[in-house]
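S.K.: The sequence shown begins at 51 in my numbering and counts up one residue at a time.
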Amino acid sequence: MSRLTVRLAIVIAGLALATSSADAQRRMRGGRAVRVDRPGVGARVGYDFDAQHTFLGGQLNFPVGRRWALAPSADFYLGATGTPYRLNVDVKYHPPTAYGFFYLGGGLAILHASGNTNSGANVFGGWEGRRYSPVKPFLEARFVFADRTSFNVLGGINFPL
51 MSRLTVRLAI VIAGLALATS SADAQRRMRG GRAVRVDRPG VGARVGYDFD
101 AQHTFLGGQL NFPVGRRWAL APSADFYLGA TGTPYRLNVD VKYHPPTAYG
151 FFYLGGGLAI LHASGNTNSG ANVFGGWEGR RYSPVKPFLE ARFVFADRTS
201 FNVLGGINFP L
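(1) Just the C-alpha distance for Lys-186 and Asp-87, rounded to the nearest angstrom, thanks.
(2) Within 10 angstroms of its Cβ, does Gly-129 collect 16 or more other Cβ (buried), or is it exposed?
(3) What does the alpha-carbon distance come out to for the pair Tyr-97 and Gly-179?
(4) Please list the terminal residues of the continuous beta strand (DSSP E) segment that includes Tyr-153.
(5) At what residues does the beta strand (DSSP E) containing Pro-125 begin and finish?
(6) Roughly how many whole angstroms lie between the Cα atoms of Gly-175 and His-162?
(7) What three-state label does DSSP hand Arg-198 in the structure shown?
(8) Mapping the DSSP letters down to three states, classify Arg-136 as helix, strand or coil.
(9) Apart from the five residues on each side of it in sequence, which residues of its chain come closer than 7 Å, Cβ to Cβ, to Val-114?
(10) So, helix, strand or coil for Arg-94, using DSSP?
(11) Give the secondary structure of Arg-88 by DSSP, where H, G and I count as helix, E and B as strand, and everything else as coil.
(12) Between Val-173 and Gly-150, is the Cβ-Cβ spacing less than 8 Å?
(13) Assuming Gly-170 contacts Val-141 under a Cβ cut-off of 8 Å, what Cβ separation, rounded to an integer in Å, is found between them?
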């Protein structure tokens, strides 16, 4: 790549990260503007107490309302025999608390290990810091109900797109 292309890519990325929400991105409720989160992407790390193994993963956040978000994710158990992984398609809900830090949710889980694929459900609850800031750290506890029940603790960071 030429230097001009690299510089142009850095400038465009910087402008994309520095933008604020426009009036059209705010929702009106009762005559006042209600802010909705931007879509985001994040990295996560956790521990599965049933498999007794650490996992790494990533997730996307797609707000579908002020308090609701669609949150697909993938977790990979690196170093485990057969390279198991789990795909999740979840819905998150932020109840109306003072600062909106806490969330609850559930969804579909697809687990793959050693040539076997199982589907099930999961439920979770967690804490997500600073709802409207660019970087959002989070901590989460998750139960996965598939061929066996497992408990996971995970954390990570989300960034807006």
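Note that beta-carbon positions come from the ideal geometry of N, C-alpha and C, so glycine has one too.
M.R.: So, to answer that:
(1) As a first step, residue 186 must be located in the sequence shown, where it is residue number 136. As a first step, residue 87 must be located in the sequence shown, where it is residue number 37. Distance between the alpha carbons of Lys-186 and Asp-87 is about 11 Å.
(2) In the sequence shown, counting from the first residue as 1, residue 129 sits at position 79. It counts as exposed.
(3) Here residue 97 corresponds to residue number 47 of the sequence shown, with the count starting at 1. Here residue 179 corresponds to residue number 129 of the sequence shown, with the count starting at 1. Cα to Cα, the separation comes out at about 21 Å.
(4) Counting from 1 along the sequence shown, the entry for residue 153 is found at position 103. Counting along the chain, the beta strand (DSSP E) containing Tyr-153 begins and ends at 152-163.
(5) Residue numbering aside, residue 125 sits at position 75 when the sequence shown is read from its first letter. According to the sequence displayed, residue 125 carries Asp and not Pro. First-last of the beta strand (DSSP E) with Asp-125: 118-126.
(6) As a first step, residue 175 must be located in the sequence shown, where it is residue number 125. As a first step, residue 162 must be located in the sequence shown, where it is residue number 112. Roughly 23 Å separates the two Cα atoms.
(7) Translated into the one-based positions of the sequence shown, residue 198 becomes position 148. The answer is coil: DSSP assigns Arg-198 none of H, G, I, E or B.
(8) Counting from one through the sequence shown, the residue named residue 136 turns up at place 86. Correct three-state label for Arg-136: strand.
(9) Counting from one through the sequence shown, the residue named residue 114 turns up at place 64. Answer for Val-114: Leu-120, listed in chain order.
(10) Numbered from its first residue, the sequence shown carries residue 94 at position 44. DSSP places Arg-94 in strand when its eight states are reduced to three.
(11) Residue 88 sits at position 38 when you count from the first residue of the sequence shown. Coil at Arg-88, not helix or strand.
(12) For this step, residue 173 is matched to residue 123 along the sequence shown. For this step, residue 150 is matched to residue 100 along the sequence shown. Contact: no.
(13) In the sequence shown, the residue the question calls residue 170 occupies position 120. In the sequence shown, the residue the question calls residue 141 occupies position 91. Actually they do not touch by this definition, with Cβ atoms about 16 Å apart.
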